[in-house]
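S.K.: Here's a structure for you.
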Amino acid sequence: KLNTNGKAKLETQTIGHKGTKCLSLWYIVLGSQSDVEVNIYRKKTHLGFLKLSGDNNWHKEEREIYIDDDYISFVASSIKNDNVIIGIDDVSLSLCSVR
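Numbering (the UniProt record's numbering), first residue to last: 1 to 99.
Here is the structure:
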(Lines of atoms letter the chains of each structure in order from A and count residues from 1; the text may use other names and numbers.)
(Lines give C-alpha, C1' and ligand atoms only; values in the text may rest on other atoms or scores of the structure.)
Protein backbone atom coordinates (compact mmCIF):
# COMPACT_ATOMS: atom_id res chain seq x y z
CA LYS A 1 0.00 0.00 0.00
CA LEU A 2 1.25 3.46 -0.89
CA ASN A 3 0.15 6.60 0.88
CA THR A 4 1.96 9.81 0.22
CA ASN A 5 1.86 13.57 0.28
CA GLY A 6 2.75 14.58 -3.24
CA LYS A 7 5.37 11.99 -4.21
CA ALA A 8 6.31 8.43 -3.32
CA LYS A 9 7.56 5.12 -4.65
CA LEU A 10 6.14 1.62 -4.32
CA GLU A 11 7.99 -1.54 -5.36
CA THR A 12 6.14 -4.78 -5.87
CA GLN A 13 7.49 -8.24 -6.56
CA THR A 14 5.97 -10.24 -9.41
CA ILE A 15 7.71 -13.62 -9.25
CA GLY A 16 6.52 -16.13 -11.82
CA HIS A 17 5.04 -13.61 -14.22
CA LYS A 18 6.60 -13.16 -17.64
CA GLY A 19 5.05 -11.86 -20.84
CA THR A 20 2.06 -9.61 -21.49
CA LYS A 21 -0.08 -9.36 -18.39
CA CYS A 22 -2.97 -7.31 -17.13
CA LEU A 23 -1.85 -4.96 -14.34
CA SER A 24 -4.68 -4.17 -11.97
CA LEU A 25 -4.63 -1.80 -9.03
CA TRP A 26 -6.98 0.11 -6.80
CA TYR A 27 -6.22 3.75 -6.17
CA ILE A 28 -7.54 6.75 -4.32
CA VAL A 29 -6.53 10.38 -4.71
CA LEU A 30 -7.56 12.60 -1.81
CA GLY A 31 -7.75 16.22 -2.84
CA SER A 32 -10.46 17.86 -4.88
CA GLN A 33 -9.72 18.24 -8.59
CA SER A 34 -6.23 16.80 -8.13
CA ASP A 35 -4.42 14.99 -10.92
CA VAL A 36 -1.74 12.42 -10.22
CA GLU A 37 0.68 10.70 -12.57
CA VAL A 38 1.90 7.22 -11.68
CA ASN A 39 4.95 6.15 -13.67
CA ILE A 40 5.60 2.42 -13.91
CA TYR A 41 9.13 1.03 -14.23
CA ARG A 42 10.66 -2.39 -14.68
CA LYS A 43 14.10 -1.87 -13.16
CA LYS A 44 15.12 1.29 -15.07
CA THR A 45 12.89 0.71 -18.09
CA HIS A 46 9.88 3.02 -18.24
CA LEU A 47 6.78 0.95 -18.99
CA GLY A 48 4.28 3.77 -19.17
CA PHE A 49 2.15 5.84 -16.87
CA LEU A 50 -1.33 6.18 -15.48
CA LYS A 51 -2.93 9.60 -15.15
CA LEU A 52 -5.36 9.49 -12.25
CA SER A 53 -7.84 12.13 -11.13
CA GLY A 54 -8.98 12.58 -7.56
CA ASP A 55 -12.53 12.54 -6.32
CA ASN A 56 -11.90 11.03 -2.86
CA ASN A 57 -13.19 7.58 -3.90
CA TRP A 58 -11.43 4.29 -4.59
CA HIS A 59 -11.20 3.31 -8.27
CA LYS A 60 -9.82 0.34 -10.17
CA GLU A 61 -7.35 0.85 -13.01
CA GLU A 62 -6.28 -1.84 -15.47
CA ARG A 63 -3.48 -1.71 -18.01
CA GLU A 64 -1.84 -4.26 -20.30
CA ILE A 65 1.87 -4.41 -19.52
CA TYR A 66 4.86 -6.55 -20.52
CA ILE A 67 6.81 -8.15 -17.67
CA ASP A 68 10.18 -9.89 -18.02
CA ASP A 69 11.61 -9.86 -14.51
CA ASP A 70 10.51 -9.78 -10.91
CA TYR A 71 10.23 -6.16 -9.83
CA ILE A 72 7.98 -3.33 -10.86
CA SER A 73 8.18 0.15 -9.34
CA PHE A 74 5.41 2.72 -9.19
CA VAL A 75 6.48 6.34 -8.80
CA ALA A 76 3.51 8.56 -8.02
CA SER A 77 3.60 12.32 -8.17
CA SER A 78 1.05 15.09 -7.98
CA ILE A 79 0.71 17.14 -11.16
CA LYS A 80 -0.91 20.25 -9.70
CA ASN A 81 0.20 20.58 -6.09
CA ASP A 82 1.80 18.69 -3.23
CA ASN A 83 -1.19 18.82 -0.91
CA VAL A 84 -2.48 15.48 -2.19
CA ILE A 85 -2.73 12.04 -0.62
CA ILE A 86 -2.26 9.16 -3.07
CA GLY A 87 -3.21 5.62 -2.09
CA ILE A 88 -2.44 2.52 -4.15
CA ASP A 89 -3.59 -0.89 -2.96
CA ASP A 90 -4.19 -4.45 -4.17
CA VAL A 91 -1.71 -4.46 -7.06
CA SER A 92 -1.98 -7.67 -9.10
CA LEU A 93 -0.93 -9.18 -12.41
CA SER A 94 -3.01 -11.70 -14.31
CA LEU A 95 -3.62 -12.96 -17.81
CA CYS A 96 -5.50 -10.37 -19.83
CA SER A 97 -9.01 -11.20 -20.99
CA VAL A 98 -9.50 -11.73 -24.68
CA ARG A 99 -11.43 -8.75 -26.02
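Ideal placement from N, C-alpha and C gives every residue a C-beta, glycine not left out.
Does residue 95 come out as helix, strand or coil in the three-state DSSP assignment?
M.R.: Three-state result, residue 95: coil.
S.K.: Would you check if the distance between the CB atom of residue 27 and the CB atom of residue 73 is smaller than 8 Å?
M.R.: Going by C-beta atoms, residue 27 is not nearer than 8 Å to residue 73.
S.K.: For residue 75 and residue 39, I'd like the C-alpha separation in whole angstroms.
M.R.: Residue 75 and residue 39: Cα-Cα distance of roughly 5 Å.
S.K.: Going by other Cβ atoms of all chains shown within 10 Å of its Cβ, with 16 needed for buried, is residue 95 buried or exposed?
M.R.: When all chains shown are included, residue 95 counts as exposed.
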